[in-house]
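For the sequence shown, my numbering begins at 664 and goes up steadily by one. For glycine and all other residues, C-beta sits at the position ideal for the given N, C-alpha and C. Input: a single structure, listed below in structure tokens.
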Amino acid sequence: MLKIMPDILEMIKNSGKCLFVGLAGPGTGKTHAFKVIIKSDEFKDKKILILSFINKLIDDLTEDFKDFNNVEVKTLHKFARQKFIEQFKRNVDLDKGLDDYISEDFVFINGSDIKYDKKFYENKLTEDELKFYENRKNFYRRKDDLHSFNSIIHTINSAFEKDELAIPEYDLVLIDEFQDFNRLEWRLIELLNKKTKVILVGDDDQSLYYDFRSAKPKLIRDLFDRDDTCEFTLDDCYRCTNVIVDTVNSFIANVKKNGYLKSNKIKKFNYPTQRTDDKNEVSKKYNQIDFLPSVPGDRLIYQLKQRIMSDISDIEEEKEKRILVIVPSYLKQKIYDGLIKEEFNIVEYELFSDQKRGKVKHSDIIDVFNVLIKRKTDNLALRKILFLYLTGDETKDLIIQSNKEEKKLWNCLDEDIKKEIGDDIDIFKKVKRGQDELSTEDLSRLNIIFNLKKILSKTIKGFGLIKRGAIEIEVVTVMGSKGLAADFVYYVGIDNRSMLDQKVNKITDQKICEFLVGITRAKKKLTLFSLEDKSPKILDFIDKKYINRITL
664 MLKIMPDILE
674 MIKNSGKCLF
684 VGLAGPGTGK
694 THAFKVIIKS
704 DEFKDKKILI
714 LSFINKLIDD
724 LTEDFKDFNN
734 VEVKTLHKFA
744 RQKFIEQFKR
754 NVDLDKGLDD
764 YISEDFVFIN
774 GSDIKYDKKF
784 YENKLTEDEL
794 KFYENRKNFY
804 RRKDDLHSFN
814 SIIHTINSAF
824 EKDELAIPEY
834 DLVLIDEFQD
844 FNRLEWRLIE
854 LLNKKTKVIL
864 VGDDDQSLYY
874 DFRSAKPKLI
884 RDLFDRDDTC
894 EFTLDDCYRC
904 TNVIVDTVNS
914 FIANVKKNGY
924 LKSNKIKKFN
934 YPTQRTDDKN
944 EVSKKYNQID
954 FLPSVPGDRL
964 IYQLKQRIMS
974 DISDIEEEKE
984 KRILVIVPSY
994 LKQKIYDGLI
1004 KEEFNIVEYE
1014 LFSDQKRGKV
1024 KHSDIIDVFN
1034 VLIKRKTDNL
1044 ALRKILFLYL
1054 TGDETKDLII
1064 QSNKEEKKLW
1074 NCLDEDIKKE
1084 IGDDIDIFKK
1094 VKRGQDELST
1104 EDLSRLNIIF
1114 NLKKILSKTI
1124 KGFGLIKRGA
1134 IEIEVVTVMG
1144 SKGLAADFVY
1154 YVGIDNRSML
1164 DQKVNKITDQ
1174 KICEFLVGIT
1184 RAKKKLTLFS
1194 LEDKSPKILD
1204 FIDKKYINRI
1214 TL
């Protein structure tokens, strides 16, 4: 891997071009490439910015570059927030749900549908749409300015477009996972590129977000081919074993032969045999991918436990016991509860992760009441929990009335609703103090808001049974696995139910990319599980010699 880095460095140093576009498959050393560039004589101690939108990836990169005082690592929205404060000399609050609330307000007030997050992603807001958004944003703001994760980027883009002198200058900007950037985010990079050389790295075969957040994998393909850019590739996979690299190549060749990933770049993905680590020995040991077909729910936890304990039994180094369980979203809670019961330790567990009525997380409700304790008339806090007190039609009427009369939401509420909210605030104060006795009515009300049975159950299961030295496991969806890697990966639920697009009952490019991301998280061993299907269609694209089918 090191031998290709001087070529990239020479290209950056000697090219008269300012945009460098790299295609890099999973595990091909993007972080290592960044480190080699940053440590080079050309960029040592120079001012460097690294950007991505994946929080876990940014966390890892921050740790990797924590000793480099010249390197700034940020998500796009945190970078935009920082520049907003510098540009406008005002503080700003970021709210992840703001786009949804203002979209719903638009429907209530104007009678027509809009999705502001999509509008921001595509960078296609009309003046009237933007004016409405600004008005509602100001309606919900407190002391500081208020923005969503998208609107803060849109705002700083506009500021840079109006005044190019405001665009910050670096010696180099490095962008990871570029295949999942949307047009709004790309516009920010374009503006930075006016003053600074930019290196974009990504892989269109790993694009997961073109449905979810309007990502544009076509961007990296087009930029790779443009005459005014310099292109490069990272071809050697140092993360995965030989069989996983071969499986990926087999899989991509077969899906392309069947008409999928038509527009995606054909790229090399190699297993380098000349190396100094122990991957050749690991590849000999784990020379097939295990597949357990038709493992029903009542046996799944048992089989997972047995597989995990068997796989790690002869591994002495703790750092080589990182375990990742990838599951469909509908199975996540069941897998979590089952593994906790078996005395595994699930890392990054959020106690209040269950959503109340599919609207707001318990932790978010707590944040809301912490605001209402201080300001019970706060528009944004009230907006977030109206569903607890009003029907959908009542909420609509309230928003319309408040907007028409130019009043705060609190001032448009009926007195009985105000009393109910006030009573809930008082209960929350009691619980927060931890000294007051709660009446039966208090507990009953808290149960309605939080579902106390589930919270208490999680508290007991989540903490009471975990022993010191318990094996740690991460349980994530395939979307949540992006940017992660583990020694042992258990990919659960590769049934047609999860791997086919349910609208058309077919495999799609999106599902293919998800599967590729999932299987390439494994550094040592990959185990696949289906729950019902004996022969999931997704496996039709993999040569059988790579699969060890285990019939129970």
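- Cβ atoms of H810 and V755 come within 8 Å of each other, at about 6 Å.
- Per DSSP, the beta bridge partners of A1185 are A1149.
- If you keep only unbroken alpha helix (DSSP H) runs of at least 4 residues inside the segment 771-829, you get 779-785, 790-803 and 812-825.
- When beta bridges are read from the DSSP output, D953 appears opposite T1190 and N1211.
- The DSSP-derived three-state label of G679 is coil.
- If you look at L1101, you'll find it isn't in any alpha helix (DSSP H); DSSP assigns it neither H nor E.
- When the beta-carbon positions are compared, F895 and I671 come within less than 7 Å of each other.
- Sequence-distant partners of M674 (beyond 5 residues in either direction) whose C-beta falls short of 8 Å from its own C-beta, in its chain, are F683, C893 and F895.
- Within 10 angstroms of the beta-carbon of A1185 lie 16 or more other beta-carbons, which makes it buried.
- Look at I1170 here: in three-state DSSP terms it is coil, with no helix or strand label.
- For the pair of segments examined, the segment 1190-1206 was found to touch the segment 1150-1162: the number of CB pairs separated by less than 8 Å reaches three.
- With respect to the 7 Å criterion, K1024 and N1042 are not classified as neighbours on the basis of their beta carbons.
- In the structure shown, I915 falls within a helical segment according to DSSP collapsed to helix, strand and coil.
- When Cβ pairs closer than 8 Å are counted between the two stretches, the segment 825-840 is seen not to touch the segment 1049-1068, the count staying below three.
- S715 sits in a strand when the DSSP states are folded into three classes.
- DSSP places F895 in the strand class (E or B) of the three-state scheme.
- Note that the C-beta distance between K719 and G1146 is below 7 Å.
- Between F1151 and K1188, the gap from beta carbon to beta carbon is short of 7 Å.
- If you draw a 10 Å sphere on the C-beta of Q969, you find fewer than 16 other C-beta atoms in it, and that means exposed.
- In the three-state scheme derived from DSSP, where H, G and I count as helix and E and B as strand, N933 is classed as strand.
- By the neighbour-count criterion, in which a residue is buried when 16 or more other Cβ atoms sit within 10 angstroms of its Cβ, R799 is buried.
- DSSP places L1049 in no alpha helix (DSSP H); its state is neither H nor E.
- Taking each of L724, K948, F716 and I989 in turn and checking the Cα distance to L967, the smallest one comes out for I989.
- The continuous beta strand (DSSP E) containing V1139 extends over residues E1135 to V1139.
- As computed with DSSP, V736 is found in a beta bridge with I713.
- Taking all protein chains shown into account, P959 has fewer than 16 neighbouring C-beta atoms within 10 Å of its C-beta and is therefore exposed.
- Excluding sequence positions up to five before and after A743, its CB lies within less than 6 Å of the CB of I815, I816 and I819, all in the same chain and listed in chain order.
- According to DSSP, residue pairing for A687 in a beta bridge involves L897.
- Under DSSP, the beta-bridge partners assigned to L987 are E1137 and V1152.
- For the pair T691 and L835, the CB atoms are not nearer than the 7 Å cut-off.
- Here DSSP, grouped into helix, strand and coil, assigns D756 to strand.
- When only Cα atoms are considered, N733 and K710 end up about 5 Å apart.
- Inter-residue distance for D974 and T939 is about 24 Å (C-alpha atoms, whole angstroms).
- Residue burial is scored here from C-beta neighbours: I1088 has fewer than 16 other C-beta atoms within 10 angstroms and is therefore classed as exposed.
- Nearest in C-alpha terms to I1205, of all of L1191, I978, S775 and D768, is L1191.
- With contacts defined by Cβ atoms closer than 7 Å, E824 and K858 do not form a contacting pair.
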